[in-house]
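Trainee:
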Amino acid sequence: MQRHVSRISLLKAALVAGSALALPHTAFAQDTAADNTGAAAQTAPQDSTTAQEIIVTGFRQSLEAALNVKRESVSAVDAVVAEDMAKFPDQNLAESLQRIPGISIQKDGGEGRAITVRGLSAQFTRVRVNGLETIATSSDGASANRDRSFDFNVFASELFSSLVVHKTAEASLDEGSLGAVVDLNTGNPLAGKAGLSAVLNVQGSYNDLSDNVGPRIAGLLSWRNDAGTFGVNLSAAYSHTDTLETGNNSVRWAQAYFNSVNGTPCYYSNVGPTGGNPVSTGGGYRPSAACDAASLSFHPRIPRYGVVEHDRKRLGLTGSIQFEPTDRTKLSIDGLYSSFKEDRAEQWLEVLARSNERRFDVVDPVYDDNGNMVSATFNNAYVRTESYLRKSKTEFYQIGATLDQDVSDSFRFTLLGGMSQSNADIPVETTFAYDNRNANGFSYDYSDMKTPVLNYGLDVTNPANFQLAEIRDRPSYVKNRFKTAQLRTEWDLAEGFTVKTGAVWRRYNFRTQLFQRDTAACGANGTKDLILGQVTCSASVYGLPVTSDISQVANLGDAGQPAGTTDSWLVANIANAADYTNLYGRTAIEDLGNNRRVQETTSGGYLQFDVKGDIFGLEYAGNFGMRYAHTGQKSTGYTAGVAATVERNYDDWLPAMNIALYPRHDVILRGAIAKVITRPSLGNLNPGGSVDGFNYRVTFGNPFLDPYRATNFDLSAEWYFAPQALLSVAAFIKKIESFPVAGTYVATLPQLGLGRDVLGQSTPAYINYDPNQEYVVSSQVNGQGATLKGVEVALQLPFTFLPGILSHTGFQGNATFIKSKADYTITGPATSACTRNATTGACALTGVSAVYTQTLLGVSKKAANATLYYDDGKFSIRGSVSYRGPFVDATSATGNIFEGYGSYTSIDAAIRYKATEWLELSIDGNNLTDAYRYRFNDVFAERNYENNHFGRTILFGARAKY
């Protein structure tokens, strides 16, 4: 049969690499060579040094297998391969992927959730499971995923045999990514040994912050007949963890008018510059030195400490059946099921300055050089405790079938079809708020911006000091469904020349629904409360009485808080308070402004030419071709309760070319150029809109947004200077031709044709409704492009040249450096304490809009990973460090210029001891330094947004293999 460069073969190589590691090592080498028919065509002939058999095991074996996948590809590919059956190098898929050059991760609750590839966020990465594009969304973290990004924390790592990252495009590779296409591959039973194989992995997981131990169990059964024509495997993984997240949060900083500053009144009954008397309600702002200094400074909107508990349960199942009746025909059927449940409980003690500054009397404010009120005492403050519970469940399932058929020695085809569905449901998202709206003596000190001192000036554990002021419940549901049918063909027309063609049809359906059972306890004074109708509301009665029967005391524990910080407080007991208020018996109202649907149908095909040969002794391999994609989108959303549906279609022609040169047997030079697209964010396609009554913002979608379109350029050099060794340098440029940007303006709700009914009943905007209140209105529009440039450097080096036991050590490391820029229009801080209304003469704090140049959102300029290991086949130990530099992830709000995360460094370790041929003992440590995650507000002032930590996690257990 003619040797050929094959995308199908590359996937086979990854599957074989992951599945065959369970075999004796000589068998692994033979099976890899047999199945990867494209390997010889893509690399120069090996000399006797590289061809000799090198026996490696465990982690070193995994590194070698991943290196083989990379070397045998024409395009830029990296991989992570399982060490053995149901034995992935890391406990989390995202954390394994971050070992690859150019990949960084975003964590939630101490676990890797999403990835960025070469500076582009998860939205720009497409993920395929067993060759089928899919989206798995979770409700983990502070918010549910309602977009195109893939949540890797949905799956247990033990379910997969390999991860393959395609960094450059090919005509034959699915479109939709500016960053990368990531293949997640489950087992390949025909690559295993004949007969029955079994693995059982049992671990305990201990977190030192929560002081909790949970189980982690995984198992795999695989069987193959002696003839190698039929195989089946089943795998299962279950884990239960209960961890804590503790720290502080400001919910951003803002400018605002206060009632008084050091005894100087800031409001007078006359709104003009003179006359009138000081007033505590109503009136107009009166400029003065003390009041102006306070109003132009930034203060924390909701300064608070809190504790968040993550109770997570994962169950995963995979199954695969393969039938190969002849050496020309193979049928594979793969199934995957995953269930990820989390109960997230939050308990906060805070001052609700946001929207309530008008009533605050400020005493002894201290200002820093960045325009921050870093410390002060607030009298007549609005103290609140919040108890929050979210019960979420993500169920993912996929079924797919693949038929590989060699029609002749020169022509073959693959038929691939299947469907997947991800349901991320939040049936319970409940909050109870206890308020004291007349608290004196609250003080804060952010002199150390990351660890503020917060003291509340009253007994916050006494039920008599609070009233039950708000109840909320916001159930939501997100559904993603994919259906795919695909045909791929390959035809070897001549030695070194293969034609590939294919066609694809894919339908993607997305739907999200939100409901509300929200209400503030009190509306107008003199009326009965809106929860039970038992109390009469007044200036001093704004909620129901709080009793110990519906309450409990929250303890902060270790949140890095300085001495003098209040660290215990009263919160609602969710179950008892829900019974008392009949919360779940109240009618859930559909939040139409946040409900939307998108149906996206794509169809198209490709023509690609694969070539190989030599020119004047220089060996080469390459591919070039064209991909066509037709996209039909149908988007439905709501504004003011009225549904709107918009349909649109667009076409893309996407040329791509990859070339690999082999000037020596151990050197590969690669180059690539391609047109690529990523389709718009699902939230931005909403033809409706939503209103935020907390931050006074209105957001409208734009179903006519263009896709992100870009041209990618890649160059790399790889030197395989020794067995299992690599030194590589890769440079890349992404010229993004179109980039949606936020267009903003200011308007009142009546000017937008909206009324009070679009506001949540527990929001300040609803409670203090003012038809003249101005809102920041934003909508995404097609903007200018941006450029991203970067360099990746990687080194993989086993220290086999060292004497004695040191010959079993080795190193793997990489670093990524990225430069990018884009222009953003942002409404920054007010520079004048009083911009007077031309009609009324009233003062207002008006932010100044300007264009700011910054990196692309989500891009860290620097990132690095390194692993040092020892592995002698019986005992192994490795330590890993990962670093991600600071980055901005949003343009922010409330007058701040961008927001983002500080740098983050994590250190992990793993120890393995092979007690017998069938039993292995293990200890793993994650986040051994208990690193804090710091989020900042404003790139110039770097105000504290949040600073929290998750503790160290230690896993210990045993693995038995048959």
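For the sequence shown, the residue numbers in my numbering are 1072 to 2033. A virtual CB, placed ideally from N, CA and C, is assigned to each residue, including glycine.
(1) Please name the residue or residues paired with residue 1415 in a DSSP beta bridge.
(2) Checking the sheet assignment: what are the DSSP bridge partners for residue 1294?
(3) Buried or exposed for residue 1986, please, with buried defined as at least 16 other CB atoms from any protein chain shown within 10 angstroms of its CB.
(4) Below 8 angstroms on the Cβ atoms is my contact criterion, and I expect residue 1847 with residue 1767 to pass it. Report the Cβ-Cβ distance as a whole number of Å.
(5) By the 10 Å Cβ neighbour count, where 16 or more other Cβ atoms means buried, how is residue 1719 classified, buried or exposed?
(6) Going straight from the alpha carbon of residue 1948 to that of residue 1829, what length do you get?
(7) Per DSSP, residue 1515 is paired with what?
(8) Who does residue 1677 pair with in a DSSP beta bridge?
(9) Confirm, please, whether the CB-CB distance from residue 1776 to residue 1811 is below 7 angstroms.
(10) In this structure, how does DSSP classify residue 1399 when only helix, strand and coil are distinguished?
(11) Classify residue 1324 as buried or exposed, calling it buried when 16 or more other Cβ atoms lie within 10 Å of its own Cβ.
(12) Alpha carbon to alpha carbon, how far is residue 1302 from residue 1308?
(13) I need the DSSP call for residue 1371, collapsed to helix, strand or coil.
(14) What does the Cβ neighbour count give for residue 1339, buried or exposed, with the cut at 16 atoms within 10 Å?
(15) Below 8 angstroms, can you find three or more Cβ-Cβ pairs linking the region 1185–1197 to the region 1457–1465?
(16) Taking 7 angstroms as the threshold (C-beta atoms), are residue 1614 and residue 1649 in contact?
(17) Measuring straight from C-alpha to C-alpha, what distance separates residue 1326 and residue 1143?
(18) So for residue 1879, helix, strand or coil by DSSP?
(19) CA-CA distance, residue 1192 and residue 1206?
(20) Give the DSSP-derived three-state secondary structure of residue 1322 in the structure shown.
(21) So if DSSP puts residue 1887 in a beta bridge, which residue, or which two residues, is it bridged to?
(22) Determine contact between the region 1474–1488 and the region 1412–1432, defined as no fewer than three beta-carbon pairs at a distance below 8 angstroms.
(23) If I measure Cβ to Cβ from residue 1990 and keep anything under 6 angstroms in the same chain, skipping five residues before and after, which residues do I get?
(24) Put residue 1985 into one of helix, strand or coil per three-state DSSP.
(25) Report the rounded CA-to-CA distance for residue 1228 versus residue 1394, giving the unit in angstroms.
(26) Let me know the secondary structure DSSP gives residue 1831 once reduced to three states.
(27) Which complete beta strand (DSSP E) runs does the region 1635–1695 hold, if anything under 3 residues is left out?
(28) In the structure shown, what three-state DSSP assignment does residue 1135 receive?
(29) At the level of alpha carbons, what is the spacing between residue 1545 and residue 1569?
(30) Start and end of the beta strand (DSSP E) containing residue 1845?
(31) Among the candidates 1450, 1841, 1179 and 1803, whose CA atom is the shortest distance from the CA of residue 1820?
(32) What residue does the alpha helix (DSSP H) around residue 1167 start on, and which one ends it?
(33) Write down the C-beta distance between residue 1590 and residue 1489 rounded to the nearest angstrom, noting that I regard them as a contact closer than 8 angstroms.
(34) Identify the residues that DSSP records as bridge partners of residue 2019: which are they?
(35) When you compare the CB positions of residue 1729 and residue 1146, do they come within less than 7 angstroms of one another, or not?
(36) Taking 8 angstroms as the cut-off, does the region 1233–1250 touch the region 1369–1386 (at least 3 CB pairs, one atom from each stretch)?
Mentor: This is what the structure gives:
(1) 1381 and 1461
(2) 1267 and 1303
(3) exposed
(4) With a beta-carbon spacing of about 7 angstroms, residue 1847 and residue 1767 fall inside the 8 angstroms limit used to define contacts.
(5) exposed
(6) 58 angstroms
(7) Paired residues: 1447 and 1525.
(8) 1573 and 1698
(9) yes
(10) Shown here, residue 1399 sits in coil according to DSSP, grouped into three states, outside any helix or strand.
(11) buried
(12) Distance between the alpha carbons of residue 1302 and residue 1308: 21 angstroms.
(13) Three-state DSSP puts residue 1371 in a strand.
(14) buried
(15) no
(16) With a cutoff of 7 angstroms on beta-carbon distance, residue 1649 and residue 1614 are scored as not near each other.
(17) Cα-Cα distance, rounded: 58 angstroms.
(18) helix
(19) 15 angstroms
(20) coil
(21) 1863 and 1934
(22) no
(23) 2031
(24) strand
(25) 26 angstroms
(26) coil
(27) 1639–1643 and 1667–1686
(28) helix
(29) 56 angstroms
(30) 1845–1854
(31) 1841
(32) 1164–1168
(33) Not quite, the Cβ-Cβ distance comes to about 45 angstroms (not below 8 angstroms), so this is no contact.
(34) 1318 and 2004
(35) yes
(36) Judged by Cβ distances under 8 angstroms, the region 1369–1386 makes no contact with the region 1233–1250, as fewer than three pairs qualify.
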